[in-house]
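>
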């Protein structure tokens, strides 16, 4: 179970999650890049949440092993579609990235990668203070989303008398609001100061987590939380990708964001363990919610230390 569920599933999700979307957006789009990152990020997070009510129902009626089957089937179909339809770069189809003009024979050469590339990119990025701010705040992002809410929310609701299916339905409701919030975040990241976007996203997320223990876990209280928290679920991704690209360059942003996303997953692991420890030792998740909320407020202040020049969107070449 540790090998196949923990290690292999972790490797697979890590290689097909937010980093892949950031690479695709940076290769194929110059104009509207933030919007594209928002759409891809929203679909990734919402897809996870949309499966939860169905998976919870299967677990209750047939056991947890069968709950994996629908995801495996869908992943197989997606892999076939990608192999048949998707190309690596616009130049493979005789196109330029959206927002640029295609000139035959002038396509940018592909950067040669080897096993040293991620480490050389990390060495280069580590001398930039903006990289560490983004990595640190994304650590808090993972701590306050995947590690805490996505992992422990159903158990948290169980402490207040909600069964798995209604609790999973609240998570699915967050997914519905996530679509709106993240796509809107992508659209805004093409137009306004990305530091201010992250300031509001982390700040509002922190306040919502601090408020959650006081919601009394009624239908009204959880619906309000699902709305505000769902709008902010992964809205941090488009501005973070924008800032990473502005700091480290278009060709390096994929690897650099991979390291930033690694910090996100480390934060998620810390929260998953820490919240479980809180529940085991103190019989409540409340300290974990307060700690995550406070960390988000710190992240909101930290992003404002990034230089304003990097945070402002740059007009695309040839964009009209």
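Residue numbers (the numbering used here): 270 to 589.
Ideal Cβ placement from N, Cα and C applies to all residues, glycine included.
The structure displayed is predicted, hence computed values, not measured ones.
Whole angstroms are fine: how far does the CA of residue 393 sit from the CA of residue 322?
Approximately 43 Å, taken between the alpha carbons.
> Rounded to whole angstroms, how far is the Cβ of residue 558 from the Cβ of residue 481, which I believe are closer than 8 Å?
Between residue 481 and residue 558 the Cβ distance is about 6 Å, and since that is below 8 Å, they are a contact.
> Short of 6 Å in beta carbon distance, which residues of its chain neighbour residue 577, apart from the five on each side in sequence? Order them along the chain.
Result list for residue 577: empty, nothing under 6 Å.
> Can you check which of these residues, 501, 414, 509, 500, is closest to residue 399 by C-alpha distance?
That would be 509, whose Cα lies nearest to the Cα of residue 399.
> According to DSSP, what are the bridge partners of residue 367?
For residue 367, which the question treats as bridged, DSSP gives the partners 298.
> Could you tell me whether the Cβ atoms of residue 313 and residue 338 are closer together than 8 Å?
Their beta carbons are not under 8 Å apart, which means residue 313 does not touch residue 338 by this criterion.
> Can you name, in chain order, every residue of its own chain whose Cβ lies under 6 Å from the Cβ of residue 438, other than the five neighbours on each side?
Correct list, in chain order: 322.
> Classify residue 554 as helix, strand or coil using the three-state DSSP reduction.
Residue 554: coil per DSSP, three-state reduction.
> Taking the CB atoms as reference points, tell me whether residue 489 and residue 443 lie closer together than 8 Å.
No.
> I need the DSSP call for residue 589, collapsed to helix, strand or coil.
Low confidence applies here, because residue 589 scores a pLDDT of 38, under 50, leaving its location unreliable; read the following figure in that light. Residue 589 falls in the coil class under three-state DSSP.
> When you compare only the Cα positions, how much space is there between residue 295 and residue 441?
Distance between the alpha carbons of residue 295 and residue 441 is about 29 Å.
> Could you tell me if residue 561 is buried or exposed, where buried requires 16 or more neighbouring beta carbons within 10 angstroms of its beta carbon?
Residue 561 comes out buried.
> Which parts of the region 421–462 are runs of the alpha helix (DSSP H), unbroken and 4 residues or longer, counting only runs that do not cross its ends?
Qualifying alpha helix (DSSP H) stretches, in chain order: 433–458.
> Please state the DSSP three-state secondary structure of residue 502.
Looking at residue 502 - three-state DSSP - the assignment turns out to be coil, as it is neither helix nor strand.
> Check whether the region 451–465 and the region 538–556 touch, using three or more Cβ-Cβ pairs below 8 Å as the test.
No, the region 451–465 does not touch the region 538–556.
> Under three-state DSSP, which class holds residue 333?
Reduced to three states, the DSSP call for residue 333 is coil.
> State yes or no: is the C-beta of residue 591 within less than 8 Å of the C-beta of residue 406?
Missing from the structure shown is residue 591; the chain here goes from 270 to 589 and no further.
> Is residue 228 helix, strand or coil by DSSP?
Absent from the structure is residue 228, since the part of the chain shown begins at 270 and ends at 589.
> Going straight from the alpha carbon of residue 412 to that of residue 535, what length do you get?
The straight-line gap from Cα to Cα measures roughly 8 Å.
> Which stretch, first to last residue, makes up the alpha helix (DSSP H) that contains residue 387?
386–394 is the span of the alpha helix (DSSP H), which, as asked, contains residue 387.
> Around the C-beta of residue 333, are 16 or more other C-beta atoms found within 10 angstroms, so that it is buried, or is it exposed?
Counting Cβ neighbours within 10 Å, residue 333 comes out exposed, since fewer than 16 surround it.
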